[in-house]
Every structure is written in C-alpha cells, then in structure tokens.
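A.B. asks:
Number of protein chains: 2
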Amino acid sequence: MPEALTVRRSASLTRQRILEAAILRFSRSSYEATTLRDIAADVGIDVALVHRSFGSKEELFRQAARVALDDGFQRAVEAPDLGAAMAAHFLQPRLDQALKMVDPLDIVTHSLSSDRANPILRELVQQDFILPLTQRLGCGDELQAALAIACLAGIALLRDVLCIGVLRDASKDQICPMIEKLMHACLAKDCEPQLSEPSS
Amino acid sequence: MPEALTVRRSASLTRQRILEAAILRFSRSSYEATTLRDIAADVGIDVALVHRSFGSKEELFRQAARVALDDGFQRAVEAPDLGAAMAAHFLQPRLDQALKMVDPLDIVTHSLSSDRANPILRELVQQDFILPLTQRLGCGDELQAALAIACLAGIALLRDVLCIGVLRDASKDQICPMIEKLMHACLAKDCEPQLSEPSS
DNA sequence: CGGCGCCTGTCAACATTCGTTGATCTCAAT
DNA sequence: ATTGAGATCAACGAATGTTGACAGGCGCCG
C-alpha cells in the first residue's frame, strides 16, 4: 500500500503546501493584496487547484489563520509570569515547523481592515486570545483581557504593518520591560480593591 | 464679480463636498473597499469628476486623512493631564463642523493594512501623532510615545474595526480610567528620574 | 494484461469590479 | 454668439475570484 510513497499526485500533501504558502503570503500582505495566483505560483501549481482545494479564498484564509495561530497563545497564557510571557510571545517571531519565520500575529494584523477577513479575524481574536486570557485572569473581567490584547495588537501593527521606525529598531531588551509594565497595568487585579471610586 | 455667488458649478464647492463624502466613506471602510463610485454617488456626481478633482484615489485619500485628523491631536497633546486628554480624544467620537460623527482615528484604523494607504498613514502617524507626543514628553523618548499611540490605535481597532463586543459595549466611565492608567504606564518618566536631560 | 474510472491537476475563459482617460455636453460669463 | 471651465458618458485595461471542460497518471476489476 504505497500510501506514504505517493509523493506525486497526493492531494493531502498539495493541500499542506498550499496552506504553508498561504500562511506566508497572508502574514506579509493583506487579504486583498494576497492573490490566489501568487500562492499557486509559490507552490508551482495552477490557480484553479488552489481554489478547488479549499473551496474559496475565504476558506483558505480561515484555515491559514487557524493553523498559523495554532495554540501558541494558549500556552503563553498558562505561564506563571503572564506579562512577561505575553510580551515574549508577541515580540519574538516564532519558528514554525516547516515554515519560515512568521510572527503568529502577523496574519491577524495584516488583514485587520479587510472586509472579507474581518468576521473571520473577529471570531479568532475573540476565541483564541480574549477568551483564554479572560479565563486565565479568573477575575471574570473580559474588558481587561480585551485591552491587553488590543495593546499588543496595536504594537505589532505599528511595528510590522506600518513599519514605524522607532518600534522596528527597538531592541528586545529595550521594549520587553515596557511591554511587561503595560501588561501588568492592563491586567492588574484592581477589580475590587476597596471600592475606592472617587465620585467625579 | 459674483465670485461667491457662483453656487452652482463651483469647483471648490464640489471639491469640498467630495472631500466630506470621502472622509465619511474612508472612516467606515478600508481604502480598497471604498470606491470612487460610492463617493461620487454620495455627492450625486459622476465618477470621473471625483477622479479629476483630486488626480487619483491615493491623493484623495491623502487629503481626506489630512483633513480628518486635522490638528485635533495636537491640541490634546497640550492638555495638562496628558493621559486623560488622550483617552478622551480617542474615545469619544468628534463632531466635525459639517461632517457626521467621525472618530478621527477611524480613517487610520480602517485602512491600516492596505498596501496603497500604508505609506500615507505611516507618514501621518509619524508626523501627527508620534512626533508631537514625543516633543510634549520632552524626555526625548520616542519609543514611549510610539507605544502609547500603538495602544490607543489597537484599542480603537479592536473596538471599531473588529467590533469586539466587550470593547464596544464598555461605557466611558468604565474604560476611560483604564486607558488613563495605561497612558500613565506608557508615558511615565522613568527614563531618568533624577537626571534631567537637557532639552535637545 | 488491458481497458475503465477516479482523482489530481491544467487550461482557458467568464464575470465582475475598479481606477483611469478622452471625447462630448452644458451652462455661465463675456 | 463665443469661450472656457464644470460635469457627464462611454469605454478601456487590468486584475481577480471563480467555474467548467479537458488531460494525465494511478489503481481497480475483469
């Protein structure tokens, strides 16, 4: 049964290669700027096969985003020092198994403002980022979690999408402590300190 | 010479109306999703006139972004309590003179990941946000300013573009103090507490 | 061994959309 | 009436997702 030997003409292998190429493309350009023809050319196949393997561009993007994000953040969220772990996870590009260097957030930040990718990313951000972080906090304060994620997304955005110089050039030693401080400010458990709400 | 009486067939007036419609459209959809035909329909004119009035879509977007951002942030940055002023400026939609309600950041956040709008927005963010804030800080730490802007952009993005529920539903009383705390964490003068660097 | 049929992959074309442009029309001022 | 700028019309050219018809190898069954 030469199932594993079927190197040529293997649908699953082709799907895998398409998915990897798609992750790379979607991590570097927006949903709209990334064309199925580009991805097809990377794999060395025809456009039609890309389309037929995933049904539609939207579905390809959805699966690419799911695979790219993987459960990396789930693990980061379980670390003892939450702030440091989140800072590290979002700041150093990750080396995926067979992929090139890809920051897991790139695929999110590069297509945030695309209408088609929008609902997909909303679901993903909600389920894969805000929800686990909320549960980890235990405080039940989803707003804190959302704010923390928003800050990290904003930083990644200005750094990797807008390419703001000072953010790109900052060394890890320089920026990591600031992110940690930020995360601590976001996630500080002041849900009920002693009800010290100054009446404005 | 009835120059001001030329209500009909006035190029400058038409330009103004196109610009207003463009700001509205670009504040609600991405650069690519916004078509010149949409804008033309809003004004009630032909596509060609929109194009001829501004030379190109890119130029229209550039001018729309410039006008939309105005110098609102410049003023916010001069307030005594910087954190509170920035939180207020970015969180409450502003009522522009003749325009509908538009958050000045919307036009930035909605097109962040568009390739065409990217260089325009980078320049804008650098000049109109990071630079003034850096100068206001006086500390010369551009990284702090960039981080603060990044956080605000991220929050606006998750709230207004991704439409994350918990951020959309949060009341101003709920979220404003948290933003202020964040801004203070970003902008805290811990660069040289006792040694004041001579203003360059 | 050999024809059959399925799965993988290709080719060409469609339908649509959008920015852009040149010719043309229309109105107001001279 | 003439002229010139404001405005329109129709069309181009390019790009892209999508689709259907077709080709080629591979296993299956006779």
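Residue numbers (the working numbering), protein chains in the order written: chain A, 8 to 207; chain B, 8 to 207.
Note that the Cβ used here is the ideal one computed from N, Cα and C, for glycine as well.
(1) Could you list which residues in chain B have their beta carbon closer than 8 Å to that of Leu150 of chain A, in chain order?
(2) Would the beta-carbon of Ile30 of chain B fall within 8 Å of that of Val132 of chain B?
(3) Under 7 Å Cβ-Cβ, which residues of chain B neighbour Lys188 of chain A?
(4) Just checking: is the beta-carbon of Ile224 of chain B within a distance shorter than 8 Å of some beta-carbon in chain A?
(5) How about Asp122 of chain B: is its C-beta nearer than 8 Å to some C-beta of chain A?
(6) Could you confirm whether any beta carbon from chain B is found closer than 8 Å to the beta carbon of Gln133 of chain A?
(7) Out of B:Ala48, B:Ala177, B:Ala94, which has the shortest C-alpha to C-alpha gap to Lys188 of chain B?
(8) Taking Cβ-Cβ distances below 9 Å as the criterion, which residues of the stretch 29-47 of chain B are in contact with chain A?
(9) Taking only beta-carbon positions, decide if His117 of chain B is within less than 8 Å of chain A.
(10) So, does the CB of Cys146 of chain A fall closer than 8 Å to a CB anywhere in chain B?
(11) Under 9 Å Cβ-Cβ, which residues of chain B neighbour Ile156 of chain A?
(12) Label Arg175 of chain B either buried or exposed according to how many other C-beta atoms from any shown protein chain fall within 10 Å of its C-beta, with 16 as the threshold for buried.
(13) Could you check where the alpha helix (DSSP H) with Lys179 of chain A kicks off and where it finishes?
(14) Compare the C-alpha of Arg35 of chain A against each of A:Gly172, A:Ala18, A:Ala71 and name the closest.
(15) Within 10 Å of its beta-carbon, does Arg32 of chain B have 16 or more other beta-carbons around it, so buried, or fewer, so exposed?
(16) Does DSSP classify Asp88 of chain A as helix, strand or coil?
C.D. replies: According to the structure shown:
(1) Under a criterion of Cβ atoms nearer than 8 Å, the residues of chain B adjacent to Leu150 of chain A are, in order, Val173, Leu174, Ala177, Gln181, Ile182, Met185.
(2) No, the pair does not count as a contact, with Cβ atoms beyond the cut-off.
(3) Those within 7 Å of Lys188 of chain A in chain B are Ala192.
(4) Outside the modelled stretch of chain B, which goes from 8 to 207, sits residue 224 of chain B, for which no answer is possible.
(5) Residue-level contact check: Asp122 of chain B touches chain A, since one or more beta carbons of chain A fall below 8 Å from its beta carbon.
(6) Taking Cβ atoms only, chain B reaches closer than 8 Å to Gln133 of chain A, which makes this a yes.
(7) Distance from the Cα of Lys188 of chain B is smallest, within the candidate group B:Ala48, B:Ala177, B:Ala94, for B:Ala94.
(8) Those would be Ser36, Ser37, Tyr38, Glu39, Ala40, in chain order.
(9) Yes - at least one Cβ of chain A is within 8 Å of the one on His117 of chain B.
(10) Not flagged as an interface residue toward chain B: Cys146 of chain A, since no C-beta distance is shorter than 8 Å.
(11) In chain order, Gly161, Leu165, Ile171 make up the part of chain B whose C-beta sits under 9 Å from the C-beta of Ile156 of chain A.
(12) It is exposed - the Cβ of Arg175 of chain B has fewer than 16 other Cβ atoms within 10 Å.
(13) It spans 179-194 - the alpha helix (DSSP H) in which Lys179 of chain A sits, taken as one unbroken run.
(14) Considering only alpha carbons, the answer is A:Ala71.
(15) Under a 10 Å Cβ-count criterion, Arg32 of chain B is classified as buried, with 16 or more other Cβ atoms of the shown protein chains found around its own Cβ.
(16) Coil, per DSSP.
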